[in-house]
Amino acid sequence: MKVSRRDLISIGAIGGVAMAAGGCARIANRFAEHHTEPALPDHGVDETSRLVNRLSFGPRPGDLAEISKIGKTAYVEAMLKSDGKEDARLQFLLNRLEVFQMDAYDSQDIPIPEVLRQLQAAAILRATYGRHQLHERMVDFWTNHFNIYGRKGLTANRKANDESNVVRKHALDTFPNMLVASAHSPAMLMYLDNQGNVAGKPNENYAREIMELHTMGVHSGYTQKDVQEVARCFTGWALEKRFLRHRWAFRFDPDLHDTGSKRVLGHTIPAGGDESDGLMVLNILSEHPATAHFISKKLCHYFLGDDGEKWIGRTEETYQKTKGDIPSMIRPILLSKELIDSPPILKRPFDFLVSALRALDADTDGGTAIQEHLFKMGEPLYQWPMPDGYPTRTSAWTGSMLPRWNYAYELAAGKIGGTGIDWNRLQDGMNSEKMFELTHSRRPSRMDGELMSQIDKEFSAGKDGHVGAGFLCLASPSFQWR
Amino acid sequence: MKQAEVARSWRPSRRSLLTTGLGLSLASWAGQRSALADLAISRENKDKPHDILVTIFLRGGADGLNSVVPYMEDAYYRGRPNLSIAPPKDPRANTSAKLLDLNGFFGFHPALAPLLPIYREGQLAILHACGSHDTTRSHFEAMAAVERGLAAQGPGPASGWIARHLATTERTDDSPLRAVAFGGTLPDSLRGATNTVALESITDFELQAPKEKLQHYQDALSALYKPGKDEVFHAGQETLAVLDSLRKIDPAQYKPSQGAQYPDTDLGRGMRQTACLIRANLGLEVAALDRGGWDTHYAQGSTVGILSLSLDDLAKSVAAFHRDLGVEMSRVTVVVMTEFGRRVAENSGLGTDHGRASFMFLLGGGTHGGQVYTKWPGIEPHQLDETGDLKVTTDYRDVLAEVLSHRMRNDKTSEVFVNYSPQPMGLVTALK
Chain A
42 MKVSRRDLIS IGAIGGVAMA AGGCARIANR FAEHHTEPAL PDHGVDETSR
92 LVNRLSFGPR PGDLAEISKI GKTAYVEAML KSDGKEDARL QFLLNRLEVF
142 QMDAYDSQDI PIPEVLRQLQ AAAILRATYG RHQLHERMVD FWTNHFNIYG
192 RKGLTANRKA NDESNVVRKH ALDTFPNMLV ASAHSPAMLM YLDNQGNVAG
242 KPNENYAREI MELHTMGVHS GYTQKDVQEV ARCFTGWALE KRFLRHRWAF
292 RFDPDLHDTG SKRVLGHTIP AGGDESDGLM VLNILSEHPA TAHFISKKLC
342 HYFLGDDGEK WIGRTEETYQ KTKGDIPSMI RPILLSKELI DSPPILKRPF
392 DFLVSALRAL DADTDGGTAI QEHLFKMGEP LYQWPMPDGY PTRTSAWTGS
442 MLPRWNYAYE LAAGKIGGTG IDWNRLQDGM NSEKMFELTH SRRPSRMDGE
492 LMSQIDKEFS AGKDGHVGAG FLCLASPSFQ WR
Chain B
50 MKQAEVARSW RPSRRSLLTT GLGLSLASWA GQRSALADLA ISRENKDKPH
100 DILVTIFLRG GADGLNSVVP YMEDAYYRGR PNLSIAPPKD PRANTSAKLL
150 DLNGFFGFHP ALAPLLPIYR EGQLAILHAC GSHDTTRSHF EAMAAVERGL
200 AAQGPGPASG WIARHLATTE RTDDSPLRAV AFGGTLPDSL RGATNTVALE
250 SITDFELQAP KEKLQHYQDA LSALYKPGKD EVFHAGQETL AVLDSLRKID
300 PAQYKPSQGA QYPDTDLGRG MRQTACLIRA NLGLEVAALD RGGWDTHYAQ
350 GSTVGILSLS LDDLAKSVAA FHRDLGVEMS RVTVVVMTEF GRRVAENSGL
400 GTDHGRASFM FLLGGGTHGG QVYTKWPGIE PHQLDETGDL KVTTDYRDVL
450 AEVLSHRMRN DKTSEVFVNY SPQPMGLVTA LK
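Line order of the protein sequences matches chains A and B. Heads up, the first sequence is in the numbering used here, so the first residue is 42 and it goes up one at a time. Heads up, the second sequence is in the numbering used here, so the first residue is 50 and it goes up one at a time.
Written as structure tokens, this is what we have:
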């Protein structure tokens with residue numbers, strides 16, 4: 042079984058960690074050699090190019106010209122609002138994915154690999170063709186923040202619902218709304234074992250992760266006792282199992298609920314409560330300063346990399362002032378100077394895969410063949426087993442360069458089933474400069490000399506030069522960053 | 050180059066590989082493609098041999114109490130009315146449903162049966178009630194602590210303990226393949242390590258371009274990845290060097306020895322490939338493998354259930370590896386570890402919640418096996434910690450530090466496990 046390979050993958054530490062000190066300085070220095078930041082182009086970062094690379098899954102041909110025309114502020118504002126209208130081609134492709142048209146309960150006869158295929162296809166299609174690119178980026182962020190492993194039991198069948206009603210619905214809403222939706226998500230309740238959390242025999246899994254990973258962050262002041270008390274509050278948060286009801290929907294089951302009084306983070310939750318106990322916990326967590334900090338920190342790092350540190354304080358304040366309004370929190374980050382001049386961020390495999398499709402205006406069905414590449418690169422969607430989501434740190438991904446090169450080659454050579462580049466459409470006057478600009482969304486600078494000379498060689502070698510040139514552009518060190 | 054010279058310079062200089070791609074010495078060495086046996090002895094010619102370390106990390110918090118079971122503890126049966134396993138001498142239970150006795154106090158879960166002969170012949174040591182100082186019971190905190198080689202998550206080196214081991218034993222002529230991790234990403238224990246790759250499978254570790262273009266494209270990539278210094282450049286250079294190395298062996302043709310049969314699982318395949326890399330003598334020093342699925346809050350079961358399936362996979366994979374390598378186990382040490390154990394009392398879902406101490410295995414030719422090493426704290430309620438968990442009485446670093454100093458010739462373990470003085474345990478024979 043291929044899938045369980047995901048289980049093998051390690052889990053990264055959350056949050057920052059201090060560097061070596063004292064006796065370890067010698068080693069720390071040696072590591073430092075390999076941690077040089079990637080170089081920026083000699084002629085400086087192109088503002089529009091950087092903006093689009095951070096807010097979207099990379100520019101498509103023509104995007105930069107269009108965005109330069111409307112200006113940075115107007116572009117950011119447009120991205121922060123989603124009018125819900127989708128590209129017609131995208132809508133057509135999505136309509137063919139039945140798991141999104143069905144109830145989880147009705148879809149249980151569809152085998153899990155097929156459910157996952159459809160879920161991943163939708164994600165690839167939306168990231169590639171979606172008009173609301175910032176929304177798609179935030180979906181990537183929240184999908185990992187509220188990670189659900191699709192290979193556990195029948196969570197996959199419930200994930201389509203979670204995707205529509207939690208992640209996509211609230212990606213640019215408020216954090217508290219999203220948290221409440223996630224806590225009622227059948228996929229989440231099942232993934233974190235809350236169906237087994239009952240009065241007298243609490244299961245701590247969801248209680249721990251909601252504090253550690255969804256809201257406050259680890260070491261933020263809660264105790265093991267708090268975990269146990271929160272677990273008691275969520276007893277009875279279960280799924281509808283009764284005949285002729287909306288089966289597998291959320292249901293609060295009073296018979297399974299612990300009605301005793303609880304004490305959570307210094308707040309007393311009086312005896313005799315029902316679903317209200319869990320709702321009170323969600324409220325306490327949403328309003329906790331540690332949550333404002335933790336969510337802000339993750340958002341800042343997602344958009345600014347390590348330079349995000351500078352923006353955490355301000356973002357936290359906005360969280361508190363606006364009660365966790367996501368657009369209000371990220372607007373200043375997106376307009377910040379750091380977004381433009383901070384060091385590049387490594388593209389995770391999903392970023393890398395989609396940005397290549399967009400750069401070369403590829404056609405894709407998002408199907409099995411391209412999903413196989415995502416798997417080999419280490420990021421099959423909805424298949425990270427642990428609740429912390431795929432790691433963002435660079436070193437987690439640099440061990441798998443070869444699968445990136447293989448994807449780059451197969452994409453350029455037209456060897457991925459259901460996915461292809463129409464070179465005739467792109468090739469009009471294709472040459473090294475144009476290939477570079479399409480893939481890198483900027484003009485070549487002095488540091489790109491080696492790449493330019495290699496792709497020159499490809500073009501002068503024969504009529505299929507665009508295959509080798511496209512491959513080398515996508516496989517080059519500079520295309521791995523955004 | 051003649052055979053004798055090949056033997057002397059068996060290890061390609063990493064520097065030459067990185068700068069010129071296929072170095073001359075390696076090119077000649079490559080001619081020995083089918084003669085792995087000849088290569089296998091050449092290592093000793095250059096420097097004092099040390100072991101190859103294989104780590105298997107059980108991710109999710111493996112339940113020590115149902116794997117290496119303290120069956121003489123009445124509290125075990127009281128705390129786990131549904132999950133407990135019958136003692137070895139229980140006349141009512143049939144063999145597959147009761148424990149396998151280890152020392153009159155602890156018994157193996159029946160799914161660990163394939164490891165019993167190795168324990169009895171003295172190459173498997175079992176440790177119990179071990180772990181870190183981490184009390185968060187968070188997977189991520191506890192794993193990070195152990196993988197960074199710390200008492201608990203917090204200040205300290207950001208790099209992983211294996212990475213620091215590699216750094217403190219680094220030489221100028223190291224192989225480009227000092228360490229491998231099987232999987233798409235590098236584990237934190239290897240964070241900051243050089244000469245390390247994450248592999249899905251060594252058999253498909255190849256550029257998927259047409260044969261006639263392969264060298265051309267590889268040369269082009271070498272040119273692109275030569276000039277820079279950031280992590281991506283470095284990773285690209287390492288990858289190209291490994292491509293060169295692996296082309297010399299033919300992993301698809303690898304035949305395990307002595308009829309060893311690896312399970313067709315990720316762990317089984319990983320162990321098989323590790324054996325192949327060890328045999329190929331590419332200069333591998335550490336292989337890091339993982340096996341997930343131990344977070345058994347639900348449906349853990351006793352002799353049937355999730356834990357049983359996981360233990361079965363672990364035992365069969367390790368036993369096959371041991372059989373396959375045979376006498377070569379004299380230069381291999383395998384460590385099996387997890388981030389924490391699980392609570393003594395079972396929960397409502399035929400499972401267990403996060404706990405504290407768990408078990409470790411140590412296996413190899415240099416291991417003083419056939420014993421359970423433990424300062425057993427007991428599991429009666431008054432002997433547990435405040436949450437109801439088995440106390441940690443052996444620091445996991447004592448075990449790892451001894452392996453590194455005695456078997457891996459690392460004389461700087463204080464730089465690997467900073468601010469810690471490991472207690473000698475007498476688990477392994479020191480190499481001379």
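Glycine included, C-beta positions come from ideal geometry on N, C-alpha and C. Because the structure is a prediction, the values reported are computed rather than measured.
Assigned secondary structure, residue i (DSSP; H/G/I helix, E/B strand, else coil)
i, result
"Trp534 of chain A", "Any property of residue 534 of chain A remains undetermined from this structure, which presents chain A solely from 42 to 523."
"Trp289 of chain A", "coil"
"Thr119 of chain B", "In the sequence on display, residue 119 of chain B carries Pro and not Thr. Strand."
"His329 of chain A", "coil"
"Arg392 of chain B", "coil"
"Met229 of chain A", "helix"
"Arg172 of chain A", "coil"
"Ala228 of chain B", "strand"
"Leu476 of chain B", "coil"
"Lys475 of chain A", "helix"
"Asp268 of chain B", "helix"
"Lys498 of chain A", "helix"
"Thr401 of chain B", "coil"
"Gly63 of chain A", "Low local confidence applies: a pLDDT of 30 at Gly63 of chain A is under 50, so the model's placement there is unreliable, with the coordinate-based value given in what follows. It is helical."
"Arg458 of chain B", "coil"
"Tyr311 of chain B", "coil"
"Met386 of chain B", "strand"
Nearest candidate by alpha-carbon position, reference residue i, set the options
i, options, result
"Arg185 of chain B", "B:Glu435, B:Leu176, B:Arg340, B:His99", "First, the residue type needs correcting, since residue 185 of chain B is Thr and not Arg in the sequence shown. Here the closest residue by C-alpha is B:Glu435."
"Gln286 of chain B", "B:Ile298, B:Asp123, B:Leu273", "B:Leu273"
"Arg129 of chain B", "B:Leu399, B:Gly413, B:Leu176", "B:Leu399"
"Gly232 of chain B", "B:Leu363, B:Thr245, B:Glu170", "B:Thr245"
"Leu33 of chain A", "A:Arg137, A:Leu387, A:Val508", "Chain A is shown only over 42 to 523; residue 33 of chain A falls outside these bounds and no answer can be derived."
"Phe291 of chain A", "A:Tyr263, A:Ser337, A:Met229", "A:Met229"
"His346 of chain B", "B:Leu338, B:Leu148, B:Lys297, B:Ala394", "B:Ala394"
Boundaries of the alpha helix (DSSP H) in which residue i is found, first to last residue
i, result
"Phe370 of chain B", "355–374"
"Leu295 of chain B", "280–297"
"Trp278 of chain A", "Careful: Trp278 of chain A lies outside any alpha helix (DSSP H), inside the beta strand (DSSP E) at 278–280."
Proximity test, Cβ basis, 7 angstroms: residue i and chain B
i, result
"Pro518 of chain A", "yes"
"Asn472 of chain A", "no"
"Glu413 of chain A", "no"
"Ser436 of chain A", "yes"
"Tyr232 of chain A", "no"
"Tyr450 of chain A", "yes"
Minimum Cβ-Cβ distance from residue i to chain A less than 7 angstroms
i, result
"Glu280 of chain B", "yes"
"Gly70 of chain B", "Low per-residue confidence applies at Gly70 of chain B: pLDDT is 27, beneath 50, and the placement is therefore not dependable enough to give any value."
"Ala290 of chain B", "no"
"Asp361 of chain B", "no"
"His346 of chain B", "yes"
"Gly209 of chain B", "no"
"Arg446 of chain B", "no"
"Leu176 of chain B", "no"
"Thr252 of chain B", "no"
Span of the beta strand (DSSP E) around residue i
i, result
"Ser407 of chain B", "407–413"
"Ala336 of chain B", "335–340"
"Val268 of chain A", "Segment 265–274 is the alpha helix (DSSP H) holding Val268 of chain A; no beta strand (DSSP E) there."
"Ile457 of chain A", "Run containing Ile457 of chain A: none; DSSP gives neither H nor E here."
"His4 of chain A", "For residue 4 of chain A there is no data in the structure shown, the boundaries of chain A being 42 and 523."
"Arg389 of chain A", "Element bounds for Arg389 of chain A: n/a, residue is neither H nor E."
"Arg169 of chain B", "Not the beta strand (DSSP E): Arg169 of chain B falls in the alpha helix (DSSP H), residues 165–169."
CB-CB length for residue i against residue j, believed under 8 angstroms
i, j, result
"Tyr445 of chain B", "Val195 of chain B", "6 angstroms"
"Pro312 of chain B", "Phe106 of chain B", "Not a contact, Cβ separation roughly 18 angstroms."
"Asp402 of chain A", "Arg101 of chain A", "6 angstroms"
"Arg380 of chain B", "Gly414 of chain B", "7 angstroms"
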